[in-house]
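Here's the structure, in structure tokens; my notes come after.
Protein chains in written order, with this note's numbering: chain A, 1 to 160; chain B, 1001 to 1260.
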């Protein structure tokens, strides 16, 4: 059967003629869904205070997601400027993927998110650091989605 | 056309009459974030290639991620940031430039149905009082993908499910920054009208990639203050796009203090 489904156009757009871009929701591209029901929750805000020695890498958060596959996710982070001299000197809120933070010494301390078929993990990494960072502060917002990233290898080809 | 029409669906447990826009599953006044492509690649360093020919006819928002985690820089491994991945109206490109090698990075790519050069702004529905019901009540709406059973317990089998929260687009703003920045670069301050601090993404055209946009996925180059989001270092004559989601960054639900 193919004569079923749902689509809702945005605003005044005619739903019978509207392009995919002007759909609020449509069956061709399902919504990225974060399940609000599980415990532990698949969304949240982490307020992280981390101390890292030179070369250290710490797993600071682990969430067993309960899916039997590797789900997709979204993270956003904020490094608020404040009185803590190890805070980033500028206030940031944005997201996806690798979470970097420059310390006051302009070295790189990395926070990053990992996902596998069991756990969602946040890691703090001072691999390249030559000094200890005490009470480094970062806020990390996360969503775990039921949809999985497509694991099909597409390949690549040369650009023109 | 009359403007008193549309459809909106609140999250389970949220009163539809008082739910704020971040408490909805969708509202036909604005788009949800939909994934039009997801896949993985073996990308070679250093070599510019077309990663994927999307042929959407517009420059889409996208996200890239490493699969083989290149996190230990002591071993000289590779991090994907800024213009290493870029997009135009036809393709997604891999531009690793100088980075040692040759070696292969296993990476992933997600493309969204968001046109980075088409401005859009949704109305704001401020948060109201909620009835406070839990998500365990037996009501709501669910619509499965073709071929799937509505009795399925797997959330990925559904197009819509009222027990789930989905990212929604609040605004897409594409500009050519003209304010003076640092070191000959340009800057621009976007001001949003949301009553909360939102999750957002910034895409920039870089000095060396023509019309292509790159995701600004590390912190350098963005500041926020109140309702202002400032992009600091855009090459002169190049464009920047801010995509704001109807997703509050600061929440009071499941906030955890982590000390490590």
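Backbone N, C-alpha and C define an ideal beta-carbon position, used for all residues, glycine too.
Length of the line joining the Cα atoms of residue i and residue j
{"i": "residue 1085 of chain B", "j": "residue 36 of chain A", "result": "33 Å"}
{"i": "residue 1215 of chain B", "j": "residue 1209 of chain B", "result": "13 Å"}
{"i": "residue 67 of chain A", "j": "residue 1171 of chain B", "result": "32 Å"}
{"i": "residue 1256 of chain B", "j": "residue 144 of chain A", "result": "16 Å"}
{"i": "residue 1224 of chain B", "j": "residue 1196 of chain B", "result": "12 Å"}
{"i": "residue 1199 of chain B", "j": "residue 1150 of chain B", "result": "32 Å"}
{"i": "residue 31 of chain A", "j": "residue 1181 of chain B", "result": "38 Å"}
{"i": "residue 1053 of chain B", "j": "residue 49 of chain A", "result": "42 Å"}
{"i": "residue 1018 of chain B", "j": "residue 41 of chain A", "result": "24 Å"}
{"i": "residue 119 of chain A", "j": "residue 62 of chain A", "result": "6 Å"}
{"i": "residue 1107 of chain B", "j": "residue 1065 of chain B", "result": "6 Å"}
{"i": "residue 1027 of chain B", "j": "residue 1140 of chain B", "result": "15 Å"}
Simplified DSSP state of residue i, which is helix, strand or coil
{"i": "residue 139 of chain A", "result": "strand"}
{"i": "residue 1156 of chain B", "result": "helix"}
{"i": "residue 1082 of chain B", "result": "helix"}
{"i": "residue 1021 of chain B", "result": "helix"}
{"i": "residue 1013 of chain B", "result": "coil"}
{"i": "residue 1249 of chain B", "result": "coil"}
{"i": "residue 1191 of chain B", "result": "strand"}
{"i": "residue 1066 of chain B", "result": "strand"}
C-beta atoms of residue i and residue j nearer than 7 Å
{"i": "residue 1114 of chain B", "j": "residue 1243 of chain B", "result": "yes"}
{"i": "residue 993 of chain B", "j": "residue 1206 of chain B", "result": "Nothing in the structure corresponds to residue 993 of chain B, since chain B is present only between 1001 and 1260."}
{"i": "residue 1204 of chain B", "j": "residue 1260 of chain B", "result": "no"}
{"i": "residue 137 of chain A", "j": "residue 125 of chain A", "result": "no"}
{"i": "residue 1023 of chain B", "j": "residue 1040 of chain B", "result": "no"}
{"i": "residue 130 of chain A", "j": "residue 64 of chain A", "result": "no"}
{"i": "residue 123 of chain A", "j": "residue 112 of chain A", "result": "yes"}
{"i": "residue 223 of chain A", "j": "residue 39 of chain A", "result": "Only positions 1 to 160 of chain A appear in this structure, which leaves residue 223 of chain A out of reach."}
{"i": "residue 1051 of chain B", "j": "residue 1094 of chain B", "result": "yes"}
{"i": "residue 1146 of chain B", "j": "residue 1059 of chain B", "result": "no"}
{"i": "residue 43 of chain A", "j": "residue 1034 of chain B", "result": "no"}
{"i": "residue 139 of chain A", "j": "residue 47 of chain A", "result": "yes"}
Close Cβ partners of residue i (< 7 Å) along its chain, the five nearest in sequence each way excluded
{"i": "residue 1221 of chain B", "result": "1231, 1232 and 1233"}
One or two residues paired with residue i in a DSSP bridge
{"i": "residue 1180 of chain B", "result": "B/1186"}
{"i": "residue 1173 of chain B", "result": "B/1242"}
{"i": "residue 1054 of chain B", "result": "Note: residue 1054 of chain B sits in no beta bridge, so no partner."}
{"i": "residue 1061 of chain B", "result": "Answer is none; residue 1061 of chain B lacks a bridge partner."}
{"i": "residue 1259 of chain B", "result": "A/49"}
{"i": "residue 63 of chain A", "result": "A/120"}
{"i": "residue 1093 of chain B", "result": "B/1050 and B/1086"}
{"i": "residue 1234 of chain B", "result": "B/1186"}
Cβ-based neighbour list, residue i, same chain, cut-off 8 Å, excluding 5 preceding and 5 following
{"i": "residue 1184 of chain B", "result": "1236"}
{"i": "residue 1155 of chain B", "result": "1161, 1163 and 1164"}
Cutoff 6 Å; reference residue i; Cβ partners in own chain excluding five residues on either side
{"i": "residue 1143 of chain B", "result": "1159 and 1160"}
{"i": "residue 69 of chain A", "result": "117 and 148"}
{"i": "residue 141 of chain A", "result": "45 and 76"}
{"i": "residue 1238 of chain B", "result": "1205"}
{"i": "residue 1246 of chain B", "result": "1021, 1022, 1168 and 1170"}
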